[in-house]
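Chains G and D, in that order, give the protein sequences. Position 52 of the first sequence, counting from 1, maps to 416 under our numbering, and the rest follow consecutively. Position 39 of the second sequence, counting from 1, maps to 42 under our numbering, and the rest follow consecutively. Below: the structure, in structure tokens.
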Amino acid sequence: DIQMTQSPSSLSASVGDRVTITCRASQTISSFLNWYQQKPGKAPKLLIYAAASLQSGVPSRFSGSGSGTDFTLTIRSLQPEDFATYYCQQSYSTPPWTFGHGTKVEIK
Amino acid sequence: QVQLQESGPGLMKPSQTLTLTCTVSGDSFTSGAYYWTWIRQHPEKGLEWIGYIHFSGTTYYNPSLRSRVSISMDTSKNQFFLKLTSVTAADTALYYCARERPKVRGGGLDVWGQGTTVTVSS
């Protein structure tokens, strides 16, 4: 299985900060990388698909980049509603798909 | 607006067989060539992909569960199902059903149910 390593596992930030989360795959996955946001008691929500495409309805302050093994999720100006846990997920070639262990974004 | 809703027993005893149902509303289950997926989340832990069924009937399972898991569907009811045999406490988790888009349409799990909790305890 392809292993996905996210960093950091948690971070503290203030409203208005620029936040960057990284995800590294154990082998190349081209651009088959998705990002999700999960708030407590809620299902994950798709933010970014195919590494850099913004899901419909997601604010433009969210962006994704990368290809191969290294990927980044950036939140340009953190808003109060962005405090959540973020997961990356690979869907390269054949299943099983695997997720990173998550990055919890907390209020500083 | 497509919606997914999981249903299931909630509490189970070890060695029993878990059956969960996901009901799809707002669209035809067989349209769009989607992959209908089950994912679980252990308490305070990350996400584990269990498997999917394509509207064509093709299935794919996580090798870690393959000997115990099966996914099926009833297109007439717009439902798909997860069956997990010989459950143990390690299967205690929040189970989600979700829809995965085909890669030609971008991929990604774009619609999720709210999740159903399964607790395995004697």
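Beta carbons: idealized from backbone N, C-alpha and C, even for Gly. Since the model is a prediction, treat every value here as computed from it, not as a measurement.
Which same chain residues, not among the five before or five after residue i, have their C-beta less than 6 Å away from its C-beta?
i, result
"threonine 122 of chain D", "Leu14, Thr95"
"valine 422 of chain G", "Leu411"
"alanine 414 of chain G", "Ser395"
"lysine 86 of chain D", "Thr22, Ser73"
"serine 441 of chain G", "Gly380, Arg425"
"threonine 438 of chain G", "Thr384, Ser427"
"methionine 76 of chain D", "Ile56, Phe83"
Could you name the residues of the same chain whose beta carbon sits closer than 8 Å to that of residue i, not counting the 5 residues immediately before and after it, in chain order?
i, result
"glycine 118 of chain D", "Glu9, Gln44, Leu97, Tyr98, Tyr99"
Going straight from the alpha carbon of residue i to that of residue j, what length do you get?
i, j, result
"glycine 29 of chain D", "serine 420 of chain G", "18 Å"
"glycine 464 of chain G", "alanine 407 of chain G", "16 Å"
"tryptophan 39 of chain D", "phenylalanine 447 of chain G", "29 Å"
"threonine 433 of chain G", "glutamine 367 of chain G", "10 Å"
"threonine 88 of chain D", "glutamine 443 of chain G", "44 Å"
"serine 124 of chain D", "alanine 416 of chain G", "43 Å"
"glutamate 470 of chain G", "proline 372 of chain G", "12 Å"
"serine 70 of chain D", "lysine 472 of chain G", "45 Å"
"glutamate 51 of chain D", "glutamine 391 of chain G", "19 Å"
"threonine 466 of chain G", "leucine 397 of chain G", "Before going on, a small fix: residue 466 of chain G reads as glycine here, not threonine. Cα to Cα, the separation comes out at about 14 Å."
"lysine 41 of chain D", "arginine 388 of chain G", "Checking the displayed sequence, the identity of residue 41 of chain D turns out to be tryptophan instead of lysine. Roughly 24 Å between the two C-alpha positions."
Pick out whichever of the options has its Cα sitting closest to the Cα of residue i.
i, options, result
"serine 67 of chain D", "D/Gly54, D/Ser125, D/Pro105", "D/Gly54"
"arginine 382 of chain G", "G/Lys403, G/Thr458, G/Thr436, G/Ser373", "G/Thr436"
"tryptophan 115 of chain D", "D/Glu103, D/Ser125, D/Ser124", "D/Glu103"
"threonine 386 of chain G", "G/Asn398, G/Pro444, G/Gln370, G/Ile393", "G/Gln370"
"glutamate 445 of chain G", "G/Thr458, G/Lys403, G/Tyr451, G/Thr462", "G/Lys403"
"phenylalanine 58 of chain D", "D/Ala36, D/Cys25, D/Leu112, D/Val27", "D/Ala36"
"aspartate 365 of chain G", "G/Lys472, G/Ser457, G/Thr438, G/Gly466", "G/Ser457"
"serine 455 of chain G", "D/Asp77, D/Ala101, D/Lys106, D/Thr91", "D/Lys106"
"alanine 101 of chain D", "D/Phe83, D/Val90, D/Asp77", "D/Phe83"
"valine 27 of chain D", "D/Leu7, D/Gly11, D/Pro12", "D/Leu7"
"proline 459 of chain G", "D/Asn65, D/Thr91, D/Pro12, D/Asn81", "D/Asn65"
"serine 34 of chain D", "D/Thr120, D/Thr24, D/Leu112, D/Val5", "D/Val5"
For residue i, which residues does DSSP report across the bridge?
i, result
"arginine 43 of chain D", "D/Glu51, D/Tyr98"
"tryptophan 461 of chain G", "None; tryptophan 461 of chain G has no bridge partner."
"serine 374 of chain G", "G/Lys468"
"aspartate 381 of chain G", "Bridge partners of aspartate 381 of chain G: none, in fact."
At least three beta-carbon pairs within less than 8 Å, the segment 19 to 26 of chain D to the segment 44 to 52 of chain D: Not touching, per the Cβ criterion.
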